[in-house]
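Trainee:
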């Protein structure tokens, strides 16, 4: 049983390294290529993976640590992402028995659905903070292509994360293994 935090430290550190590498690419190389308005939110993909696949009582701590490292590269603080991530993981925990990643298309669709939930939660927090709905509409038009890109990356990324976190999947990308 891997319910002690010491069993997850190596996986968490490797996940942080991957997050930092992705953040460096999106904050340094994308603007150099002329892509200035879009930042691919790999932190959301990692949090969704943790919610979907990792069964641990320390998920909230993992989300906090990941969002804290994400905040080094972003103007949005760690607190909004942590609240949204924990809330999303609570929703996932209630729906976990219904979520089966039996194919790549299902993984893409489920990831997109939960990214929409993430956007709605972040928008509500942002609206409460700013009181301005105009910025949320502008953020939505940037969110769409970013979230679609992340959703298409999810199947391959989840396989990589399964290896890092040592999650034994009962279902392969092409269906249930016998």
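Residue numbers (my numbering): 2 to 179. Here a beta-carbon is modelled for each residue, glycine too, at the ideal position from N, C-alpha and C.
Give every residue of the same chain whose Cβ lies closer than 8 Å to the Cβ of residue 65, excluding the five residues on either side of it in the sequence, and list them in chain order.
Mentor: Around residue 65: 79 and 83.
Trainee: By the DSSP assignment, the alpha helix (DSSP H) with residue 85 in it spans what residues?
Mentor: First-last of the alpha helix (DSSP H) with residue 85: 79-96.
Trainee: If the criterion is Cβ atoms closer than 9 Å, does the pair residue 158 and residue 50 meet it?
Mentor: Yes, Cβ-Cβ distance for residue 158 and residue 50 is below 9 Å.
Trainee: Assess contact between the region 144-158 and the region 106-126, defined as three or more Cβ pairs (one per stretch) separated by less than 8 Å. Is contact present?
Mentor: Segments in contact, yes.
Trainee: Pick helix, strand or coil for residue 12, following the three-state DSSP scheme.
Mentor: Of the three classes helix, strand and coil, the one that applies to residue 12 here is helix, per DSSP.
Trainee: In this structure, how does DSSP classify residue 178 when only helix, strand and coil are distinguished?
Mentor: Confidence is the limiting factor: at residue 178 the pLDDT is only 48, short of 50, which leaves the residue's position unreliable, though a coordinate-based value still follows. Here residue 178 sits in coil by DSSP.
Trainee: Around the C-beta of residue 175, are 16 or more other C-beta atoms found within 10 angstroms, so that it is buried, or is it exposed?
Mentor: Because residue 175 sits at a pLDDT of 43, beneath the cut-off of 50, its placement in the model cannot be relied upon, and the following sentence gives the value as read from the coordinates. Result: exposed.
Trainee: Closer than 6 Å by C-beta to residue 133: which residues in its own chain qualify, once you throw out the five before and the five after it? Chain order, please.
Mentor: If we look at residue 133 and ignore the five residues flanking it on each side, it has no Cβ neighbours.
Trainee: Compute the beta-carbon to beta-carbon distance between residue 187 and residue 116, rounded to the nearest angstrom, for a pair I have assumed lies under 8 Å.
Mentor: Residue 187 lies beyond the stretch modelled for the chain, which goes from 2 to 179, so this question has no answer here.
Trainee: Could you tell me the distance, in whole angstroms, from the CA atom of residue 89 to the CA atom of residue 124?
Mentor: Cα to Cα, residue 89 sits roughly 14 Å from residue 124.
Trainee: Taking residue 140 as part of the alpha helix (DSSP H), name the residues at either end of that continuous run.
Mentor: Taken as a continuous stretch (DSSP letters only), the alpha helix (DSSP H) holding residue 140 covers 135-166.
Trainee: Within its chain, find whatever has a CB closer than 8 Å to the CB of residue 60; leave out the 5 residues flanking it on each side and keep chain order.
Mentor: Hits under 8 Å: 51, 52, 87 and 90.
Trainee: Where does residue 37 fall in DSSP's three states?
Mentor: Coil, per DSSP.
Trainee: Kindly indicate which three-state DSSP category residue 22 falls into: helix, strand or coil?
Mentor: In this structure, residue 22 counts as helix in the three-state DSSP scheme.
Trainee: Which residue from 145, 139 and 103 puts its Cα closest to that of residue 114?
Mentor: Closest by alpha carbon: 145.
Trainee: If we ignore side chains and look at the alpha-carbon of each, how far apart do residue 9 and residue 93 end up?
Mentor: Cα-Cα distance, rounded: 20 Å.
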